[in-house]
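Asks:
In our numbering, the protein residues as written are 6 to 275.
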């Protein structure tokens, strides 16, 4: 929604025209001509211009394209990370006949997400060029023109292409819940440390002391092959305040997802 609003704003910022002569003073053209032409083109006459409309308008457009593209980059990057062999929690669709690697037939690389990430870099680079086009010599040299002929069509076409590529990925994304559970299990219960910390604080412990106790137990789990719950149950300082049943209650994954439907609703997901 934020990106849609940004694109709408950028379109309005670019919806200006100028027919006010070589230096913007209407020396050889009546302002009514500018008004007439702009109306025919669904544009608004710019309030003040030199030989050109000031390039901060174009810079805002290019920065908007870069931000929107970077949002797609963010999504694609997360998919790439979650598609790593040792993680494999999600995967972009892999179609029949697709090749992951010319040398290794087993590969299922997230090639489309990688392509989106690469194009996002171009959008960001082009935005920098647009910013460099704002401070022109004596109100207008021609250095901006050659750059704009490249960056504006390249960025608009690239972003359109990125949208066309990421939509089917999101629609047909492969999701592996069992691997997600396996990833959580690799922590051997450490993901529940905050819950145990808060339970100790409810028993009257100061946060600093409760944190020290839980951190010490957590470090044992990192250094050993034991389970976090097991370490907590044999720690005298923890057992002094929490019963085994209370410790068990801290390890309920549903506690962390009890409000997730509200989050989905806010995102427009039913």
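Yeah, the Cβ is synthetic: ideal placement off N, Cα and C, and Gly gets one too.
Which residue's Cα is closest to the Cα of residue 202: 83, 246, 138?
Replies: Checked all of 83, 246, 138; the closest Cα to residue 202 is 246.
Asks: Below 8 angstroms on the Cβ atoms is my guess for residue 81 versus residue 171; work out the distance and round it to an integer in Å.
Replies: At roughly 7 angstroms, the Cβ-Cβ gap stays under 8 angstroms, so residue 81 and residue 171 are in contact.
Asks: Cα-Cα, which of 145, 119, 54, 25 is closest to residue 42?
Replies: It is 25.
Asks: Is it true that the CB of residue 157 sits closer than 7 angstroms to the CB of residue 134?
Replies: The answer is no: Cβ separation not under 7 angstroms.
Asks: Are the segment 84–103 and the segment 47–67 touching by the rule of at least three beta carbon pairs closer than 8 angstroms?
Replies: Touching, no.
Asks: How should residue 249 be labelled, buried or exposed, when 16 other C-beta atoms within 10 angstroms of its C-beta is the threshold for buried?
Replies: Looking at its Cβ environment, which holds fewer than 16 other Cβ atoms inside 10 Å, residue 249 is exposed.
Asks: Can you give the beta carbon distance from residue 66 to residue 15, rounded, assuming they're within the 8 angstroms contact cut?
Replies: Yes, residue 66 and residue 15 are in contact; Cβ-Cβ is about 5 angstroms, under 8 angstroms.
Asks: Which whole runs of the alpha helix (DSSP H) in the segment 22–102 are 4 residues long or more, in chain order?
Replies: As far as the segment 22–102 is concerned, its whole alpha helix (DSSP H) runs of at least 4 residues are 36–45, 61–87.
Asks: Between 118, 223, 196, which lies nearest to residue 261 when the distance is taken from Cα to Cα?
Replies: Minimum Cα distance to residue 261 is reached at 196.
Asks: What's the gap between the Cα of residue 199 and the Cα of residue 53?
Replies: Looking at the two C-alpha atoms, the distance is approximately 58 angstroms.
Asks: Considering Cα atoms alone, identify which of 148, 147, 73, 55 is closest to residue 8.
Replies: Per the Cα distances, 73.
Asks: If residue 71 and residue 128 are in contact, beta carbons under 8 angstroms, what's the gap, nearest whole angstrom?
Replies: Residue 71 to residue 128, Cβ: 4 angstroms. Contact.
Asks: Among the candidates 122, 148, 60, 23, whose CA atom is the shortest distance from the CA of residue 78?
Replies: Answer by Cα proximity: 122.
Asks: In this structure, what does DSSP give as the bridge partners for residue 180?
Replies: Its beta-bridge partners are 95.
Asks: Considering only the alpha carbon of each residue, which of 148, 36, 58 lies closest to residue 19?
Replies: Of the candidates 148, 36, 58, the one whose C-alpha sits nearest the C-alpha of residue 19 is 58.
Asks: Give me the Cβ distance between residue 177 and residue 98, rounded to the nearest whole Å; I'm assuming they're in contact under 8 angstroms.
Replies: Yes, they are in contact, since the Cβ atoms of residue 177 and residue 98 sit about 4 angstroms apart, within 8 angstroms.
Asks: Counting along the chain, where does the alpha helix (DSSP H) carrying residue 117 start and finish?
Replies: Here the alpha helix (DSSP H) through residue 117 covers 116–137.
Asks: If you check the beta carbons only, do residue 194 and residue 240 fall under 7 angstroms apart?
Replies: No.
Asks: Report the three-state DSSP secondary structure of residue 12 (helix, strand or coil).
Replies: The answer is helix: DSSP assigns residue 12 an H, G or I state.
Asks: Can you tell me whether residue 165 is buried or exposed, with buried defined as 16 or more other CB within 10 angstroms of its CB?
Replies: The residue is exposed, with fewer than 16 neighbouring Cβ atoms inside 10 Å.
Asks: Where does the unbroken alpha helix (DSSP H) through residue 219 begin, and where does it stop?
Replies: Counting along the chain, the alpha helix (DSSP H) containing residue 219 begins and ends at 212–228.
Asks: Whole angstroms are fine: how far does the CA of residue 100 sit from the CA of residue 191?
Replies: Distance between the alpha carbons of residue 191 and residue 100: 31 angstroms.
Asks: Once the 5 residues before and after residue 225 are set aside, which same chain residues still bring their CB inside 8 angstroms of it?
Replies: Here the set comprises 231, 236.
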